[in-house]
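**Student:** Submitted below is the structure of interest, expressed as structure tokens.
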Amino acid sequence: MGSKKVLLSGSVDGKVSALFKRVSAVNKSNGPFDMLLCTGRFFADTGLSGDASEEDTELADYVTGAKEVPLPTYFIGSFGQGAARAIESLSNADASVHYLGRSGIKQLHGLNVVYLDGTYDKQAFEHGSTTASCRHYSKEDVRALERAVDRAEGDVDILLTCEWPADVTAAVPPGSAPADVGSTGSAVVAGLATKVRPRYHISGGKDVFYARPPYLNKDLGAGAHVTRFIALGSVGNAAKAKSLHALALVPAADMDVATLTQRPEGTTPCPYELPSTSKRGAPGDDDGLGEQSWRWQQNKRSKGGHAAPSLGRPDVVKDDRKTVYVKNLPYRATEDDIIGFFSQAGPVADVRRGAEADGKLHGYGFVQFESEEAAAKACQLHGTEFMGRELTVDVSTSGARAPSGKPVEGCWFCLSNPNADVNLVASIGEECYVVLDKGPIVDSHVLVLPVEHYPSQLSLSASSFAEMERYLSALRSCFASQGSELFAFERYMTFRKSGGNHCQLNVLPVSAAAAATARADVQRLARDHGVPLQPLDGPSKGEAGREVLRQAVGDGEYFLALLPDGSRLVHAITRGEKHPLNFGREVAAALAGAPGRADWKKCASTPVEEAAHTAKFKELFKPYDIMQ
Ligand SMILES: [Zn+2]
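The sequence shown begins at 164 in the working numbering and counts up one residue at a time.
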């Protein structure tokens with residue numbers, strides 16, 4: 164599959180004609196390019212008062228079509244002279260210039276592009292005002308973005324931010340970074356880059372051209388790739404810093420793992436995850452905080468008496484080799500208690516322990532030591548008593564292929580992780596749980612999943628699988644009480660991000676009428692999407708049913724549909740096959756009579772809506788819940 168040619172521009176500062184003239188020339192000499200991405204400030208910066216100015220910008224002629232746009236153009240930096248009016252006119256025009264928006268993820272010419280418009284301002288960040296043309300992003304903008312990225316499949320090709328990230332020049336060889344820029348970036352942008360792990364991160368906002376040596380992102384369990392940070396100067400800047408840069412890149416989605424995870428010579432550690440000692444003492448730490456940090460702030464370290472969640476120190480790089488996984492922790496144990504106990508094995512660097520939505524602490528967590536030796540020693544504390552409970556202590560492993568089911572840090576579905584979406588949880592069993600889908604197709608659209616990290620139902624223990632089936636049958640009864648039948652699907656793919664796939668069954672009610680024609684409808688959609696589905700003959704339940712599935716798919720990837728009549732259809736995804744990622748939702752949405760809800764991005768809801776929605780479902784499910 165071919166590479167995409169992309170032109171990148173730093174701040175345009177309103178000089179749209181000069182930019183397009185240059186782009187047109189470069190496109191003729193080195194093109195053709197697929198698109199132009201602009202970061203930094205797009206409009207002339209004349210201070211706040213200019214943003215609402217009625218004056219025409221140079222963009223106007225390109226919006227009306229009086230002048231020709233040389234390449235499909237996408238920009239952030241929606242503030243400056245005449246910005247509000249220009250963006251409004253763009254939204255009504257059929258121009259090849261597009262404002263990307265406040266924050267989000269978009270697929271552009273086959274590339275996954277993530278963007279965050281605006282700059283950091285403490286007031287705007289904390290208290291948020293997210294009108295279309297506001298020069299600062301809010302905490303909500305960043306959160307919404309992180310959620311979107313978490314939900315999206317595949318790796319991010321390009322991250323666009325108006326500002327530089329803080330500390331980006333940390334860990335580069337002495338003298339190789341441009342002077343006096345390192346200390347002035349945004350910690351929020353650095354936090355975002357850490358989370359998004361883009362292959363390229365493009366920033367503007369300073370009149371400096373800087374292409375940082377690649378840095379290696381943290382391996383979440385399925386291979387790590389590098390990020391290249393590139394900063395560009397503004398169009399026509401006096402310092403003559405380069406403002407236009409060309410890239411040719413193959414979309415991550417089309418790359419094999421070996422190519423994607425290559426480490427070029429000169430690769431450095433991630434500058435945002437260095438131990439605090441080797442980093443400049445960032446004075447802004449109280450202000451521009453990355454996501455991890457503000458979690459940290461919200462959940463102050465428990466001092467003395469009160470047990471509270473321990474969400475991990477932002478300045479400690481997570482390291483599995485130095486970490487143990489602990490179960491059966493006493494609920495009343497504070498972080499200090501845990502540190503005190505485990506210090507007998509060696510100095511403790513960090514404690515990570517989450518909580519349920521109602522504040523009840525998890526009985527499990529991670530303890531990270533300063534050294535691997537200490538972690539090994541801590542494993543010998545397995546079976547010893549701590550505040551009246553016998554602890555389970557084991558080495559921590561992350562990774563999609565870890566068959567042990569230990570939590571994978573960063574996975575949203577591992578219930579023991581601090582970032583798990585506990586607000587949506589409807590029922591927790593011994594080994595499985597039920598959670599409302601985050602972008603529900605219909606009200607009772609839920610996921611049934613194992614509490615711990617197993618990639619597919621075939622890797623579950625017999626007891627976990629049995630519980631999953633009990634939940635399914637409870638849901639079937641619950642739906643029946645509403646006059647509906649049950650449709651479910653499971654997709655197992657070995658994703659590289661977030662430690663790989665966490666097994667999940669999508670379950671939702673469909674009407675009796677839809678159930679009657681479900682088999683034919685599913686088969687028709689399967690043909691439309693090029694996903695040949697085969698019936699699974701023989702037992703459809705229990706271990707025997709699981710064996711039938713195993714015979715059909717081996718240990719490979721698959722898509723499995725569970726029809727309302729209890730029969731199953733399966734497609735074994737072959738190596739190199741491009742399985743349509745949204746297929747399951749397309750089918751489910753069609754059966755549920757809500758085809759418009761297939762795209763989860765259109766189904767986002769606010770935390771308040773989510774809470775109400777969860778409460779409603781819990782009430783409905785209560786009489787059938789196997790844990791009640
Ligand atoms: Zn998981």
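Glycine included, every Cβ here is placed at the ideal spot set by N, Cα and C.
If we count the other Cβ atoms within 10 Å of its Cβ and call it buried at 16 or more, is Cys574 buried or exposed?
**Tutor:** Within a 10 Å sphere around the beta-carbon of Cys574 sit 16 or more other beta-carbons, which makes this residue buried.
**Student:** State yes or no: is the C-beta of Val611 nearer than 7 Å to some heavy atom of ligand 1?
**Tutor:** no
**Student:** Name, in chain order, the residues that DSSP records as bridge partners for Phe392.
**Tutor:** His364
**Student:** Is the region 546-554 in contact with the region 631-646, if contact means three or more CB pairs nearer than 8 Å?
**Tutor:** no
**Student:** Less than 6 Å between C-beta atoms, sequence neighbours within five positions excluded: which residues of the same chain meet that for Leu199?
**Tutor:** Leu170, Val186, Leu234, Thr236
**Student:** Would you mind stating whether Gly368 and Arg265 have Cβ atoms separated by less than 8 Å?
**Tutor:** no
**Student:** Please classify Gly729 as buried or exposed, where buried requires at least 16 other C-beta atoms within 10 Å of its C-beta.
**Tutor:** exposed
**Student:** Examine the Cβ distances between the region 317-329 and the region 352-366 and report whether three or more of them are shorter than 8 Å.
**Tutor:** yes
**Student:** Classify Ile796 as helix, strand or coil using the three-state DSSP reduction.
**Tutor:** The displayed coordinates of the chain run from 164 to 791. Any statement about residue 796 would go beyond what the structure contains.
**Student:** Taking the runs of the alpha helix (DSSP H) that are 4 residues or longer, which of them lie wholly in the region 506-558?
**Tutor:** 535-542
**Student:** Please classify Lys167 as buried or exposed, where buried requires at least 16 neighbouring CB atoms within 10 angstroms.
**Tutor:** buried
**Student:** Is the region 251-266 touching the region 276-283, taking contact as three or more C-beta pairs under 8 Å?
**Tutor:** yes
**Student:** Taking DSSP's pairing of strands, which residues face Leu649 in a bridge?
**Tutor:** Per DSSP, Pro672.
**Student:** Looking only at C-alpha atoms, which of Ala411, Cys595, Glu231 sits nearest to Gly194?
**Tutor:** Ala411
**Student:** Suppose you measure from the CA of Gly396 to the CA of Gly173; what does that come to, to the nearest Å?
**Tutor:** 5 Å
**Student:** May I ask you to report which of helix, strand or coil DSSP gives Asn275?
**Tutor:** If DSSP states are grouped into helix, strand and coil, Asn275 belongs with the strands.
**Student:** Bridge partners for Arg731 per DSSP, in chain order?
**Tutor:** Leu725
**Student:** Taking the alpha carbon of Val771 as the reference point, which residue from Thr282, Arg690, Leu587, Arg298 has its own alpha carbon closest?
**Tutor:** Leu587
**Student:** Is it buried or exposed, Ser339, if we count other Cβ atoms within 10 angstroms and call 16 or more buried?
**Tutor:** In summary, Ser339 is exposed, with fewer than 16 beta-carbon neighbours lying within 10 Å of its beta-carbon over all protein chains present.
**Student:** How about Glu535 and Pro510: are their beta carbons less than 8 Å apart?
**Tutor:** no
**Student:** Is the beta carbon of Ala724 closer than 8 Å to that of Arg713?
**Tutor:** No. Outside cutoff.
**Student:** With C-beta atoms as the reference, is Leu492 less than 8 Å away from Gly522?
**Tutor:** Using a Cβ distance threshold of 8 Å, Leu492 and Gly522 do not count as a contacting pair.
**Student:** Which of the three DSSP states is assigned to Gln686 in this structure?
**Tutor:** helix
**Student:** Under a Cβ-count criterion, where at least 16 other Cβ atoms within 10 Å of its own Cβ denotes burial, should Gly165 be classed as buried or exposed?
**Tutor:** exposed
**Student:** Ala778 and Ile604 look like a contact to me (Cβ under 8 Å); what is the Cβ gap, rounded to whole Å?
**Tutor:** About 19 Å; that fails the 8 Å criterion.
**Student:** Can you list every residue whose CB sits closer than 6 Å to some heavy atom of ligand 1, going in chain order?
**Tutor:** Val571, Cys574, Phe576, Cys577, His616, His665
**Student:** Taking the DSSP output, what are the residues bridged to Met198?
**Tutor:** Met198 is bridged by DSSP to Val169.
**Student:** With Gln543 and Thr486 assumed to form a contact (beta carbons below 8 Å), what rounded beta-carbon distance in angstroms separates them?
**Tutor:** The Cβ separation is near 15 Å, so there is no contact.
**Student:** So if DSSP puts Cys595 in a beta bridge, which residue, or which two residues, is it bridged to?
**Tutor:** BP columns for Cys595 point to Pro613.
**Student:** Please state whether DSSP places Asn462 in a helix, a strand or coil.
**Tutor:** Note that Asn462 scores a pLDDT of 33, beneath 50, so its modelled location is shaky and nothing firm can be said.
**Student:** Any contact of the region 737-757 with the region 644-655, i.e. 3+ C-beta pairs under 8 Å?
**Tutor:** yes
**Student:** Starting from the C-beta of Met631, find all residues in its chain whose C-beta is less than 6 Å away, skip the five residues before and the five after it, and write them out in chain order.
**Tutor:** Hits under 6 Å: Cys595, Val611.
**Student:** Suppose you measure from the CA of Val398 to the CA of Val189; what does that come to, to the nearest Å?
**Tutor:** 14 Å
**Student:** Can you list, in chain order, the residues of its chain whose CB lies under 7 Å from that of Glu289, leaving out five sequence neighbours each side?
**Tutor:** Lys302
**Student:** Using the DSSP secondary-structure output, state which residues sit across from Gly756 in a beta bridge.
**Tutor:** The bridge partners DSSP lists for Gly756 come to none.
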